[in-house]
Amino acid sequence: MARALEAQVEKGGKRGRPRRTVLELYAQPQPDSISIRLSSVHWKEARDFGDVYVGLELWKRLGLGKLLQELLDAPGAKASSGGRRSEVPLHLVATLIAVNRLVAPRSEWAILRWWPKTALPSLLGLPVGKVSDDRLYRALDAVWAHKAESEAHLQGEGERLFAQDYSLFLYDLTSTYFEGQAASNPKAKRGYPRDHRSDAKQVCLGVVVDREGFPIGMEVWRGNIKDHETLSATLKKLEERFGPPQGAEGLKRVLCLDRGMVTEEKLEELRNSGYGYVVADRPSQAHRHWEKINSSQWQVIRQSREGEPLVEVTEVGQEGPDRLVLVRSRGCQEKERAIHDRFLSRLSEGLERLAKGIAQGRIKDPSKIERRIGRLQERYPGVSRWVHIQLQQQEGGARLHWCVKASSEEEARQCEGLYLLRTNLLKAPTQEIWENYILLTRIENTFRTLKHDLNLRPIFHQKEDRVEAHLFFSFLAYALMWTLEREHRARGGQLSGRRLLEVLHEIKLGTIGMTTSQGQPLTLERISTPSREQAEILATLHIALPRPYTRLEPVSLTRA
Numbered sequence: 012m013a014r015a016l017e018a019q020v021e022k023g024g025k026r027g028r029p030r031r032t033v034l035e036l037y038a039q040p041q042p043d044s045i046s047i048r049l050s051s052v053h054w055k056e057a058r059d060f061g062d063v064y065v066g067l068e069l070w071k072r073l074g075l076g077k078l079l080q081e082l083l084d085a086p087g088a089k090a091s092s093g094g095r096r097s098e099v100p101l102h103l104v105a106t107l108i109a110v111n112r113l114v115a116p117r118s119e120w121a122i123l124r125w126w127p128k129t130a131l132p133s134l135l136g137l138p139v140g141k142v143s144d145d146r147l148y149r150a151l152d153a154v155w156a157h158k159a160e161s162e163a164h165l166q167g168e169g170e171r172l173f174a175q176d177y178s179l180f181l182y183d184l185t186s187t188y189f190e191g192q193a194a195s196n197p198k199a200k201r202g203y204p205r206d207h208r209s210d211a212k213q214v215c216l217g218v219v220v221d222r223e224g225f226p227i228g229m230e231v232w233r234g235n236i237k238d239h240e241t242l243s244a245t246l247k248k249l250e251e252r253f254g255p256p257q258g259a260e261g262l263k264r265v266l267c268l269d270r271g272m273v274t275e276e277k278l279e280e281l282r283n284s285g286y287g288y289v290v291a292d293r294p295s296q297a298h299r300h301w302e303k304i305n306s307s308q309w310q311v312i313r314q315s316r317e318g319e320p321l322v323e324v325t326e327v328g329q330e331g332p333d334r335l336v337l338v339r340s341r342g343c344q345e346k347e348r349a350i351h352d353r354f355l356s357r358l359s360e361g362l363e364r365l366a367k368g369i370a371q372g373r374i375k376d377p378s379k380i381e382r383r384i385g386r387l388q389e390r391y392p393g394v395s396r397w398v399h400i401q402l403q404q405q406e407g408g409a410r411l412h413w414c415v416k417a418s419s420e421e422e423a424r425q426c427e428g429l430y431l432l433r434t435n436l437l438k439a440p441t442q443e444i445w446e447n448y449i450l451l452t453r454i455e456n457t458f459r460t461l462k463h464d465l466n467l468r469p470i471f472h473q474k475e476d477r478v479e480a481h482l483f484f485s486f487l488a489y490a491l492m493w494t495l496e497r498e499h500r501a502r503g504g505q506l507s508g509r510r511l512l513e514v515l516h517e518i519k520l521g522t523i524g525m526t527t528s529q530g531q532p533l534t535l536e537r538i539s540t541p542s543r544e545q546a547e548i549l550a551t552l553h554i555a556l557p558r559p560y561t562r563l564e565p566v567s568l569t570r571a
């Protein structure tokens with residue numbers, strides 16, 4: 012029969028008689044009762060517990076613990092140390108890296124300083140001294156070798172746990188930069204710097220997610236690759252994993268792409284691929300239809316509380332097999348107008364300074380003046396087309412005159428907030444086409460999570476495979492973050508994944524030290540009692556904290 016472990020404390024009672032107070036700690040199948048000295052009770056060795064424990068539970072919930080155990084450490088799995096099996100299981104080291112990337116992302120060197128301050132040594136049953144930087148790197152390499160199996164496993168878990176149907180894919184590229192020269196990595200190149208680090212080499216990361224942002228797959232590309240150059244390989248890999256894009260009932264999987272993916276050649280490839288697609292066309296294509304702004308019948312699909320239209324769509328015709336849908340967005344209009352106003356103001360200021368220098372005789376050489384004008388036009392190409400600039404040679408010297416062309420500005424202003432969508436979904440309502448396209452904000456959120464919450468950048472590794480393994484662990488950590496937010500919000504929660512981890516971080520594992528009345532020291536490991544907010548978060552995640560008896564036992568990474 013279960014009994015309580017009781018600490019009996021002798022205290023002074025009435026008339027000097029001893030009084031015993033019984034403190035129930037945790038119900039356990041032990042009858043032990045001891046007397047302790049109250050003044051000796053203390054709390055020490057507090058370690059991070061709540062966030063890392065939840066990370067382990069999510070890892071287990073997605074079945075990644077069991078998968079990697081079978082791939083890396085089960086009998087028959089390929090050994091990673093010259094044919095010898097190590098006393099430190101690789102799947103546990105991989106789990107350590109993944110939880111770190113979720114909770115407190117940092118380099119492998121920094122993990123060695125971080126993880127002893129957490130409960131992970133106890134939870135994983137790994138002695139701190141047995142995990143070295145070499146072991147961390149071996150785990151990176153071993154997991155990267157099983158990238159395809161890991162992605163396929165996540166695909167199955169998405170169907171099993173969250174009923175993902177994979178009927179629509181979102182695909183886009185981002186980049187991340189290196190610290191150092193990365194001379195031994197052929198993919199490290201200088202290219203379009205999405206991180207505004209033109210001084211650094213980079214690689215590009217292509218990511219596919221579904222309509223809810225659930226991770227499908229990732230690929231690492233050279234840093235100077237054009238977005239559209241990655242499309243063919245991505246289509247091929249999607250077909251290998253998911254089969255033909257058109258099912259038996261004639262329903263097509265839909266692929267949503269931003270304008271960087273679209274060229275005439277790639278459009279033709281998309282048409283031949285069998286996919287349904289929704290892509291944004293180049294801005295110049297939208298401007299071709301500006302005269303239809305006032306003549307078209309616009310359908311309002313979003314409006315403000317006051318009834319003012321925020322997003323409107325209209326179908327403006329067909330081009331080959333593609334329907335063309337023109338979109339007018341109030342938010343995009345305000346953003347583009349602010350940019351145009353700022354650039355026009357800066358162009359005018361630059362021309363005024365140049366004109367003043369010419370008038371004062373400080374700049375006389377016509378070729379130098381022309382070069383200064385050309386540099387201003389290159390700096391502000393979006394608005395320089397509106398401005399007529401004339402350099403006149405007079406007896407007293409050159410004079411610079413300019414004015415804004417009203418017709419050009421009017422046309423450009425009317426096109427603010429317009430963009431053109433192209434699709435081969437012939438039966439879909441125009442509203443649905445726009446709603447599919449706007450789902451691309453989900454992949455933008457994916458990149459934001461990878462870069463800001465999971466610290467994807469910068470990269471310190473130099474070897475090509477090690478870099479790709481590093482990025483793949485960030486991808487796995489994103490799967491954990493997505494699951495964390497999904498589970499929390501499915502039960503009414505409103506917090507972001509990062510905020511959830513910050514709150515849970517305050518749950519600590521510590522050691523309670525005490526001395527018995529006979530002078531014998533005694534220690535017990537205990538988890539701090541969750542606050543109301545922490546308890547509510549754990550309830551939304553369906554996670555219960557363990558209740559250690561004397562010491563925290565290692566957790567199982569295999570689902571029951």
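Following the working numbering, the numbering of the sequence shown begins with 12 at its first residue and continues without gaps. Where is the CB? At the ideal position from N, CA and C, for every residue including glycine.
- In the three-state DSSP reduction, Lys375 falls in the coil class, being neither helix nor strand.
- Closest option to Gly408, judged by alpha-carbon separation, among Thr245, Arg282 and Ile380: Ile380.
- Under a 10 Å Cβ-count criterion, Pro132 is classified as buried, with 16 or more other Cβ atoms of the shown protein chains found around its own Cβ.
- If you check the CB distance, Lys200 and Arg233 come in under 8 Å.
- Remark: fewer than three beta-carbon pairs, one from each stretch, lie closer than 8 Å, so the segment 462–477 and the segment 272–290 are not flagged as touching.
- Take the alpha-carbon of His53 and the one of Thr534: they are about 10 Å apart.
- Ranking Ser186, Val214 and Leu181 by CA distance to the CA of Pro197 puts Val214 first.
- The alpha-carbon separation between Ser161 and Tyr489 amounts to approximately 13 Å.
- Within the same chain, Cβ atoms closer than 6 Å to the Cβ of Phe180 are found at Val219 and Leu266, the five residues on either side in sequence being excluded.
- For Thr245, same chain residues with a beta-carbon under 8 Å away, outside a window of 5 residues either side, are Tyr182, Gly217, Val219 and Glu230 in chain order.
- The beta carbon of Trp125 sits closer than 7 Å to those of Asn111, Ala115 and Arg117, all from its chain and outside the five residues before and after it, given in chain order.
- Pairing Ala153 with Leu83 gives a Cβ-Cβ distance under 8 Å.
- Counting only residues of its own chain and dropping the five nearest sequence neighbours on each side, Lys248 has a CB closer than 8 Å to the CB of Gly228 and Glu230.
- Among the bridge pairs identified by DSSP, Trp232 is matched with Cys215.
- The beta carbons of His412 and Gln403 sit closer together than 8 Å.
- For Glu279, the closest of Arg433, Thr441 and Thr460 by C-alpha to C-alpha distance is Arg433.
- One alpha carbon belongs to Gly524, the other to Arg58, and they sit about 15 Å apart.
- Rounded to whole angstroms, Tyr64 and Ser567 show a C-alpha spacing of 12 Å.
- By the neighbour-count definition (other C-beta atoms within 10 Å, threshold 16), Gly318 is an exposed residue.
- For Gly408, there is no enclosing alpha helix (DSSP H); the enclosing beta strand (DSSP E) has its first and last residue at Gly408 to Val415.
- The C-alpha of Gln310 lies about 38 Å from the C-alpha of Gln388.
- Close CB contacts of Ile548 within its chain, under the 8 Å cut and outside five residues either way in sequence, are with His499, Gly504, Leu506, Leu511, Val514 and Leu515 (chain order).
- Linking His102 to Thr569 through their CA atoms gives a straight-line distance of about 12 Å.
- In the structure shown, the three-state DSSP call for His300 is coil.
- Across the set Lys158, Ala291 and Leu67, the C-alpha of Ala291 shows the shortest separation from the C-alpha of Tyr448.
- For Thr526, the CB contacts under 6 Å within the same chain, skipping 5 residues up- and downstream, are Arg48, Ser51 and Pro532 in chain order.
- Approximately 15 Å separates the beta-carbon atoms of Glu119 and Leu137; this is outside 8 Å, ruling out the contact.
- In the DSSP assignment, Arg339 falls within the unbroken beta strand (DSSP E) covering Asp333 to Ser340.
- For Ala291, DSSP records a beta bridge to Leu432.
- Under a 10 Å Cβ-count criterion, Cys414 is classified as exposed, with fewer than 16 other Cβ atoms of the shown protein chains found around its own Cβ.
- For Ser539, DSSP records no beta bridge to any residue.
- Taking a C-beta distance under 8 Å as the contact criterion, Thr522 and Glu56 qualify as a contact pair.
- CA-to-CA, the gap between Gln442 and Val324 works out to about 7 Å.
- When secondary structure is reduced to three states using DSSP, Trp54 falls in the strand class.
- A distance below 7 Å between beta-carbons, with the five flanking residues on each side excluded, links Gly61 to the following residues of its chain, in chain order: Leu515, His516, Glu517, Ile518 and Gln545.
- A direct Cα-to-Cα measurement between Arg72 and Arg396 gives close to 57 Å.
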